[in-house]
Structure formats: C-alpha cells, structure tokens
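*Asks:*
Set out below in structure tokens:
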C-alpha cells in the first residue's frame, strides 16, 4: 500500500477572505442592478423600487446574521448529541425535538410576543425588536437542523481516528477540535449550504411580525396598488436572484473544500 501524498493547499485564511470579499462584491453589484432595473419598471413597481430593494437587503441581512449564529448553535448541539454522557446529550436532544416539531412561524411569534414576558418573569428585562426576534427564531431553527447534519458528519469519521488521537495523549476536547470536527465539517458543507439557502427563503416568515423584509415589502405594495400579479412576480424574481448568487458562491465553497481534501 502506497502512502498518501501530503496535500499542500494555499493559505486557507487568504482563500476564505477572498471568497468572502467576492461574495460581498457580488451582492453589492446585484443590489445595484436590481435597483436600476426596478426603477425603470412601470407602476406599481418603479415608483416603489427602493422599498423592494430595502426589503431585499433586510432579507439578506437576516439570512447572514441568523445563519452564522445558527452554525454556532448547530456545532454545539451536534457535538453534544455525540457525547457518551446522557446528561450532555439530553439538552441537545430536547432542543432539536422542540424546534423540529414546531412550525417556524410559531417560533417567530413566540420569540417576539412571549419570550420577553417570560424573561421578565425571571428578572431579565430584555426588549426584543422585530429584527432580533426574527434572528433568534431563525437561528434556533436552522441551528437545530445544522445540529443533525453535524452529528451525522461526526459519526461518519472512522472511530479509529479518535482512538489514535487519544492514544497520542490528546484529550477528548482536543481530539474533537483538531481531528474529528475539521474532517466532519468538510463532509457536511453541502447540507449546511442547503440549510442556508432554505433559510433565505424561510426568512419571509419574518413578515408576520411586521419586519420589513422582501415579502412584507411586496405585500404592502400589493395592498396599495391592488395589482398582485406584477408585485408577486417581482418579489419572486428578486428572491430567485438572491438565491442564485448565494448558490453560486456556496458551490464555490464546496469545490474549495473538495480540493482541500484530495
């Protein structure tokens, strides 16, 4: 059996920064193009083009912020679910069970309407606006699904690698952080990307708490103009443009991960 040749990829930090910069520039260009096109359209779209663009920006902001928080939540819960201790697994299992078993719309309404009074009842005075209520609900929701994905990725790593790391004197936390988790994350990038794209579309439910994202912007224009067909068509096309650009860069991220693991 021949020994595997060592892989010498480029600096991962520099590559990631370049990827992030490219994504930021692409979305800035997309919003510039969307603004130009919508302003040239006839009523009811053209005069309200800035409202659609503002809603699209809020949709993207919701997706990015809640997606990053949801990734952290998913990593923590996913690692907990693979623990040998039932006391460590139980909170993560309960969290995933609650989130996956209830509708996202109910979760958003609960965080916005019920969470502040519950926190005040235990002495925590927190006021949540529409944006942060939506972020918390979306982050918890996508975090639960990410947890299952990451758990599956961790379990896909051969047990022999964990045993070898422990035999070299690494602690359980060191083994997870330096041996198991980096390999698992490479495996689970595609499903995590799918969750992120789904999150962008699920953010439309934030309109239920009057957060001015893309869906609510379209609903307001439709109510004012009584022309739902052009308004809803515009909303759908803008969503399609956002998901297309996001998919383009997430596909590039998947390819980078595959190249790094060859």
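Residue numbers (full-length UniProt numbering): 1 to 262. For each residue, glycine too, the CB sits at the ideal point set by N, CA and C. All figures in this text were calculated on a predicted structure; none of them were measured in a lab.
Would you say the segment 140 to 153 touches the segment 183 to 197, given that touching needs at least three Cβ pairs under 8 Å?
*Replies:* Because the criterion of three Cβ pairs below 8 Å is met, the segment 140 to 153 and the segment 183 to 197 touch.
*Asks:* Helix, strand or coil: how does DSSP classify residue 84 here?
*Replies:* Working through the chain shown from its first residue, we reach residue 84 at position 84. Residue state, collapsed to three classes: coil.
*Asks:* My understanding is that residue 76 touches residue 140, with C-beta atoms under 8 Å, so please give their C-beta distance in whole angstroms.
*Replies:* Working through the chain shown from its first residue, we reach residue 76 at position 76. Working through the chain shown from its first residue, we reach residue 140 at position 140. Contact flag wrong, Cβ pair sits at about 12 Å.
*Asks:* For residue 129, which of 189, 220, 239, 211 has the nearest alpha-carbon?
*Replies:* As a position in the chain shown, residue 129 is number 129, starting the count at 1. When only C-alpha atoms are compared, the closest one is 211.
*Asks:* Shortest alpha-carbon distance to residue 134 belongs to which of 66, 49, 242, 22?
*Replies:* Mapped onto the chain shown, residue 134 falls at position 134. It is 66.
*Asks:* Is the Cβ-Cβ distance between residue 59 and residue 203 less than 9 Å?
*Replies:* Counted from its first residue, the chain shown places residue 59 at position 59. Counted from its first residue, the chain shown places residue 203 at position 203. The answer is yes: Cβ separation under 9 Å.
*Asks:* What's the gap between the Cα of residue 251 and the Cα of residue 63?
*Replies:* Here residue 251 refers to the residue found at position 251 when the chain shown is read from its first residue. Here residue 63 refers to the residue found at position 63 when the chain shown is read from its first residue. Rounded to whole angstroms, residue 251 to residue 63 spans 17 Å at the Cα level.
*Asks:* Hey, quick one: how far does the alpha helix (DSSP H) through residue 110 stretch, first residue to last?
*Replies:* Here the question's residue 110 lines up with position 110 in the chain shown. Run containing residue 110: none; DSSP gives neither H nor E here.
*Asks:* Consult DSSP for residue 4 and reduce its assignment to one of helix, strand or coil.
*Replies:* Start at 1 with the first residue of the chain shown, and residue 4 comes out as number 4. Summary for residue 4: the model assigns pLDDT 41, below 50, so the residue's position carries little reliability; its value from the coordinates is reported in the next sentence. Coil.
*Asks:* My output table needs one value for residue 20: the three-state DSSP class, helix, strand or coil.
*Replies:* Sequence index remark: in the chain shown, residue 20 carries index 20 (1-based). In the structure shown, residue 20 sits in a helix (DSSP, three-state: H, G or I).
*Asks:* In this structure, does DSSP put residue 126 in helix, strand or coil?
*Replies:* The residue you call residue 126 lines up with position 126 of the chain shown. Looking at residue 126 - three-state DSSP - the assignment turns out to be coil, as it is neither helix nor strand.
*Asks:* In terms of alpha-carbon separation, which member of 189, 81, 26 lies closest to residue 255?
*Replies:* Locating residue 255 in the chain shown gives position 255, counting from the first residue. Cα-wise, what sits closest to residue 255 is 189.
*Asks:* Is the distance from the Cβ of residue 78 to the Cβ of residue 154 below 9 Å?
*Replies:* Stepping through the chain shown from its first residue, residue 78 is reached at position 78. Stepping through the chain shown from its first residue, residue 154 is reached at position 154. The answer is yes: Cβ separation under 9 Å.
*Asks:* Express the C-alpha separation of residue 32 and residue 160 in angstroms, rounding to a whole number.
*Replies:* The residue given as residue 160 occupies position 160 in the chain shown. The residue given as residue 32 occupies position 32 in the chain shown. The straight-line gap from Cα to Cα measures roughly 52 Å.
*Asks:* My output table needs one value for residue 226: the three-state DSSP class, helix, strand or coil.
*Replies:* Reading the chain shown from its first residue, position 226 is the one you call residue 226. Looking at residue 226 - three-state DSSP - the assignment turns out to be coil, as it is neither helix nor strand.
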